[in-house]
Amino acid sequence: MSDSNIKPLRWGILATGAIARTFARALPASKNGELWAVASRSTESAAAFAAEFGASKSYGSYAELLNDPEVDAIYIATPHPMHFEWIVKCAEAGKHILCEKPLTLNSAEASRAVEAARAKGVALMEAFMYRCHPQTTQIAELVSSGALGKIKAIEATFSFQAQPNPASRLFALELGGGGILDVGCYVASFSRLVAGAANGKTFAEPLELKALGVLGTTGADLYSVAVARFEGDIVAQLQTGVNLNGGSHCRIVGENATLRVPSPFFCSPVQGSDETILYLERGGGQVEEIYVPFDRPLYAFEADAMASMVATGEVLYPAMGPDDALGNMKMLDTWRAAIGLSYPGERGENAATVKVKENVMRTRELRGVVNEAGAPKAVSQIVLGTMLEGAIEPYSHGLALFDDFFERGGTCFDTAHVYGGGMGERVLGRWLKSRGVRDEVTLIVKGAHPPNCSPDGMRHQLQESLDRLGIESGDIYMLHRDNLQIPIGEWVEALNEGLTKGLYRAYGGSNWSLERLSEANEYARSHGLQGFSSASNNFSLARMVKPVWGGCISSSDAESRVWFEQTQTALFSWSSQARGFFARADRDFTSDAELVRSWYSDDNFERLARAQKLADERGVSTVVVAAAYVLAQPFPIFALIGPRSVSETRDSFEALGLELSPQEIRWLNLED
Ligand SMILES: NC(=O)c1ccc[n+]([C@@H]2O[C@H](COP(=O)([O-])OP(=O)(O)OC[C@H]3O[C@@H](n4cnc5c(N)ncnc54)[C@H](OP(=O)(O)O)[C@@H]3O)[C@@H](O)[C@H]2O)c1
Numbered sequence: 005m006s007d008s009n010i011k012p013l014r015w016g017i018l019a020t021g022a023i024a025r026t027f028a029r030a031l032p033a034s035k036n037g038e039l040w041a042v043a044s045r046s047t048e049s050a051a052a053f054a055a056e057f058g059a060s061k062s063y064g065s066y067a068e069l070l071n072d073p074e075v076d077a078i079y080i081a082t083p084h085p086m087h088f089e090w091i092v093k094c095a096e097a098g099k100h101i102l103c104e105k106p107l108t109l110n111s112a113e114a115s116r117a118v119e120a121a122r123a124k125g126v127a128l129m130e131a132f133m134y135r136c137h138p139q140t141t142q143i144a145e146l147v148s149s150g151a152l153g154k155i156k157a158i159e160a161t162f163s164f165q166a167q168p169n170p171a172s173r174l175f176a177l178e179l180g181g182g183g184i185l186d187v188g189c190y191v192a193s194f195s196r197l198v199a200g201a202a203n204g205k206t207f208a209e210p211l212e213l214k215a216l217g218v219l220g221t222t223g224a225d226l227y228s229v230a231v232a233r234f235e236g237d238i239v240a241q242l243q244t245g246v247n248l249n250g251g252s253h254c255r256i257v258g259e260n261a262t263l264r265v266p267s268p269f270f271c272s273p274v275q276g277s278d279e280t281i282l283y284l285e286r287g288g289g290q291v292e293e294i295y296v297p298f299d300r301p302l303y304a305f306e307a308d309a310m311a312s313m314v315a316t317g318e319v320l321y322p323a324m325g326p327d328d329a330l331g332n333m334k335m336l337d338t339w340r341a342a343i344g345l346s347y348p349g350e351r352g353e354n355a356a357t358v359k360v361k362e363n364v365m366r367t368r369e370l371r372g373v374v375n376e377a378g379a380p381k382a383v384s385q386i387v388l389g390t391m392l393e394g395a396i397e398p399y400s401h402g403l404a405l406f407d408d409f410f411e412r413g414g415t416c417f418d419t420a421h422v423y424g425g426g427m428g429e430r431v432l433g434r435w436l437k438s439r440g441v442r443d444e445v446t447l448i449v450k451g452a453h454p455p456n457c458s459p460d461g462m463r464h465q466l467q468e469s470l471d472r473l474g475i476e477s478g479d480i481y482m483l484h485r486d487n488l489q490i491p492i493g494e495w496v497e498a499l500n501e502g503l504t505k506g507l508y509r510a511y512g513g514s515n516w517s518l519e520r521l522s523e524a525n526e527y528a529r530s531h532g533l534q535g536f537s538s539a540s541n542n543f544s545l546a547r548m549v550k551p552v553w554g555g556c557i558s559s560s561d562a563e564s565r566v567w568f569e570q571t572q573t574a575l576f577s578w579s580s581q582a583r584g585f586f587a588r589a590d591r592d593f594t595s596d597a598e599l600v601r602s603w604y605s606d607d608n609f610e611r612l613a614r615a616q617k618l619a620d621e622r623g624v625s626t627v628v629v630a631a632a633y634v635l636a637q638p639f640p641i642f643a644l645i646g647p648r649s650v651s652e653t654r655d656s657f658e659a660l661g662l663e664l665s666p667q668e669i670r671w672l673n674l675e676d
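Numbering (the numbering used here), first residue to last: 5 to 676.
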C-alpha cells in the first residue's frame, strides 16, 4: 500500500520524558501521523509538552489519554517496568500501540502483552526506530540476496558511558536499569534480523547464548558481552552497556564480503547529506560505498511503519512486530539469566498483575466443593495442569501462565506430588500467596503415585504437598493411581480420615476403574462414610486403542459415559485431545509411535473425518470440535490442559465458544 493510501494516525503520547520529546519533534515530518494529545502524571508537564509540540489535548493522567476517542494510536514512553501495564490498558481501550523498547521487562510479560493486543485486535509494535529506516531494509536485502556470500559472523555493539546514578532509570533496578534491557535489546534485535535474513526468514532465534557481564552497586548490569549461535552456523558477538564507552557499530561477515555499518541504530547521515553510508569490503582492500537515501527523520519512519501496520494488518518488514518482539525478549531473558540479573517485580511476590481479559469461562458446581462460607464453588470446566516444567520457571513465566489462566476465568488447578519433584506445587503455592486468591480457586491435590500407592504413602505425601503449596487444606484430594492390593475399605477409611481432619472437602481417584469406584462407593454408603465424588481418567472423542502408559484408564466408552451420567460423578479428563490425534493424525504410521500405538484405528479416523467436516461447517478448527465434544457431556466433566504458553491457553479456551447439540455429539462418536 502506498503512503498516500494510508489513513493518517492521530497520536497520543504517554509520558513526557526524553524519548517522548524526540518522537514528538519528529512526528510532523511523518507522512501519516499527527500529534493529537499528550498525557503525563503531572498536569503541568502535559500542558507544557502540548504547548511546545502543538498537541490539541493534554491530560494529567495516562488513563484520560486512553479515554480520548480521537486518539488512534498511543506511543508509550515510560521506563520499561510500566510498559506491560500500559500496553494492556491501551489494548483494552482499543488503541493501537507503539511501545518503547524493551517491549516489557521479560518475555513472560511480553507474551501476555502480545496476547492482549491480539485479543483486542489492535496493532502492537516495539519502537525500534532503526528497524523502520531504509538503511536497515537495505542491510537485510544485502544479506538475503547473497551479496556477502554465506553469512558466518555478526558483530554488534551498542553502549554508552553514563556515570552511575542509583536514582536514574539507567541504573535503578526498580526502573528496569542496566545495559542489556536498555541497549542490549538493539544488538540482540540486529543479530536476530540478520540471522533471519541469512536463513530466508524475517527473523531468527538464537540456538544458544552465553554471556558475561559486570553488575553495579544497584544490581543492574553496567556492561556485558554475549555470544550467540544461530542456525546456518552463524555466530554473533554482542556488546552492550550503560557504563561503557563502546559506541554503536556493526559488522556482518560473509564468505565473500564484510558489510560494515558505522551507524546501525541512529542511522546518522553522511555529513551534510540525506544519505547514510554502508561499506561493503571485499578481499584485496576493495571497498564499495553504498549510500542509502532517506527522506524523513528516524523517528518519523517508525510512526509511518505503525500507520502502515494499522492500515494493512501486516508488519512492514523489517519493523518489529509482536512475534519478533517476543523473540527478542526471550533472547534478553537468556542473556540476563547468564549473568544473574533479575528485577524486583519479576522475582515474585510483588509482581504486578493486570487484567488481560474478561472472564469467559464456563463453570460447573461439584459435589462437596465449597468455599469458606460453605457456598458451592464454581469450578471452571478447563483445568490447568501443573506438570509444566520449563514453562513455569523462572517464576515470571509461572506468574504469566497462571495470571493469564485465572483472568480468562480459569479457577481450577490440578497438582500432583510427583510433578517436577514438587516444583509445580511450589510455583503454584507462590502464585496463590502473591495473588491472595486461595478461596476463589479449586485445588486438586494428587498423590500416592506408585511406589507410594498406599494409605500411608498418601498421608505422608499429602502433608508434603500441602506444605509445598503453603495451604492448610486442598479442595479435592485425588489418588494418583489405584493399588488393587489394598482392600477397598482401607482406601475409603483412609480417605475419610483426611476429610474428617479437614485436609480436603472431597476426594477422587485418577485412573480408577468403574468397578473399583462403585465398590468404594458401596462401602462408603454401607459404613456411613463419604464416597468418591470424582475421577480423573482419560476421556476424548477418540477411543484409546492401547493405554498411553501402564495402568492408565480411559472412560470414553458408552458404559462409562452412562455410569458417569447416572452417578453424576465428576470426571477430570486428561488427554482430552487424544494427545494430538485431532491436530496431527495423518495416517503416516511412522510419524509418532505413541500416537500410532494408542489412537490409530479405523473408527478413530472416521471420528476425525466427522470432526473435520463439522469444523469446516462451523468455521473452527478440528481440535475445537474435539474439545467441545468432551465439554458437552451430560455429567460434570472438566478438561485438563497443559499449555506451554499463554497462546496455547487461548487455543484451549476456544472450545468453550462452540455449542454442540446432542445429535451432533452422537454423530461425532459414530452413534448415528
Ligand atoms: N528508541 C529510543 O531511541 C529510545 C531512547 C531513549 C529511551 N528509550 C526508551 O524509552 C523509555 C523512556 O526513556 P526516557 O529516556 O525517555 O526516560 P525519561 O526521560 O526518564 O522519561 C520517562 C518518563 O516516563 C514517565 N514515568 C512514569 N512513571 C515513571 C517513574 N516511576 N519514574 C520515572 N518516570 C516515569 C515520566 O513522564 P511523566 O512525568 O510525563 O508521566 C518520565 O518523564 C524507556 O523504556 C527507554 O528504553 C528509547
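The beta-carbon is built from N, C-alpha and C at its ideal position, and this holds for glycine as well.
Tell me, which residues are paired with residue i by DSSP?
i: L503; result: Paired residues: none, contrary to the question.
i: R264; result: R255 and Y283
i: S62; result: V42
i: V422; result: DSSP, once it has assigned bridges, lists no residue as partnering V422.
i: I238; result: F234
i: G150; result: Answer is none; G150 lacks a bridge partner.
i: T97; result: Reading the sequence as shown, one finds Ala at residue 97 and not Thr. Answer is none; A97 lacks a bridge partner.
i: K205; result: According to DSSP, K205 bridges with nothing at all.
i: D486; result: Note: D486 sits in no beta bridge, so no partner.
i: V118; result: According to DSSP, V118 bridges with nothing at all.
i: T367; result: S384
i: R327; result: Correcting the residue identity first, residue 327 is Asp in this sequence and not Arg. Looking at the DSSP assignment, D327 forms no beta bridge with any residue, so it has no partner.
i: A643; result: I386 and S577
i: T316; result: None; T316 has no bridge partner.
Below 8 Å on the Cβ atoms is my guess for residue i versus residue j; work out the distance and round it to an integer in Å.
i: C556; j: N525; result: Not quite, the Cβ-Cβ distance comes to about 21 Å (not below 8 Å), so this is no contact.
i: L39; j: F57; result: 6 Å
i: G372; j: R463; result: With 8 Å as the limit, G372 and R463 do not qualify as a contact, their Cβ atoms being about 20 Å apart.
i: R173; j: P83; result: 5 Å
i: A309; j: L320; result: 5 Å
i: L146; j: N260; result: That pair is no contact at about 11 Å.
i: V374; j: C416; result: The Cβ separation is near 14 Å, so there is no contact.
i: R264; j: E285; result: 6 Å
i: A131; j: K105; result: 6 Å
i: L672; j: A615; result: 6 Å
Which residues in the same chain have their Cβ closer than 7 Å to the Cβ of residue i, if we skip the five residues on either side of it in sequence?
i: A208; result: R196, A199, G200, F234 and E235
i: R670; result: D676
i: F194; result: A160, C254 and P268
i: A632; result: A659, L662 and L664
i: R529; result: G535
i: G414; result: M365, S384, I386 and L388
Grab me the residues of residue i's own chain with a C-beta within less than 6 Å of its C-beta, minus the 5 sequence neighbours each way, in chain order.
i: F642; result: Q385, V387 and F576
i: Y63; result: A43, A50 and L69
i: S559; result: N541 and F543
i: V628; result: E658, A659 and L662
i: C136; result: F305, E306, A309 and A323
Between which residues of its own chain and residue i is the CB-CB distance below 8 Å, once the five residues before and five after are set aside?
i: V549; result: R601, S602, W603, Y604, S605 and N608
i: I490; result: C457, S458 and P459
i: L177; result: T222, G223, A224, Y347 and P348
i: S148; result: A201, A202 and G204
Does residue i come within less than 8 Å of chain D when only Cβ atoms are used?
i: Q167; result: Although the question refers to chain D, the structure presented lacks it and comprises just one protein chain.
Three Cβ pairs or more, each shorter than 8 Å: is that satisfied between the region 460–477 and the region 416–433? yes
Taking 8 Å as the cut-off, does the region 114–121 touch the region 217–234 (at least 3 CB pairs, one atom from each stretch)? no
Validate contact between the region 566–584 and the region 639–654 using beta carbons, cut 8 Å, 3 pairs: yes
Hey, is the region 12–25 in contact with the region 68–87, meaning 3+ C-beta pairs nearer than 8 Å? yes
Below 8 Å, can you find three or more Cβ-Cβ pairs linking the region 331–340 to the region 97–114? yes
So, do the region 300–315 and the region 275–289 have three or more beta carbon pairs nearer to each other than 8 Å? no
Say whether the region 616–625 touches the region 88–105, bearing in mind that this needs 3 or more beta-carbon pairs closer than 8 Å, one atom from each stretch. no
Tell me whether the region 392–406 and the region 449–464 touch, counting them as touching only if at least three CB pairs, one residue from each stretch, are closer than 8 Å. no
Taking three-plus beta-carbon pairs below 8 Å as touching, is the region 523–539 in contact with the region 491–510? Touching, yes, given that three or more Cβ pairs across the two stretches are closer than 8 Å.
Evaluate the contact criterion for the region 230–249 versus the region 210–218: three or more CB pairs, one atom per stretch, below 8 Å. yes
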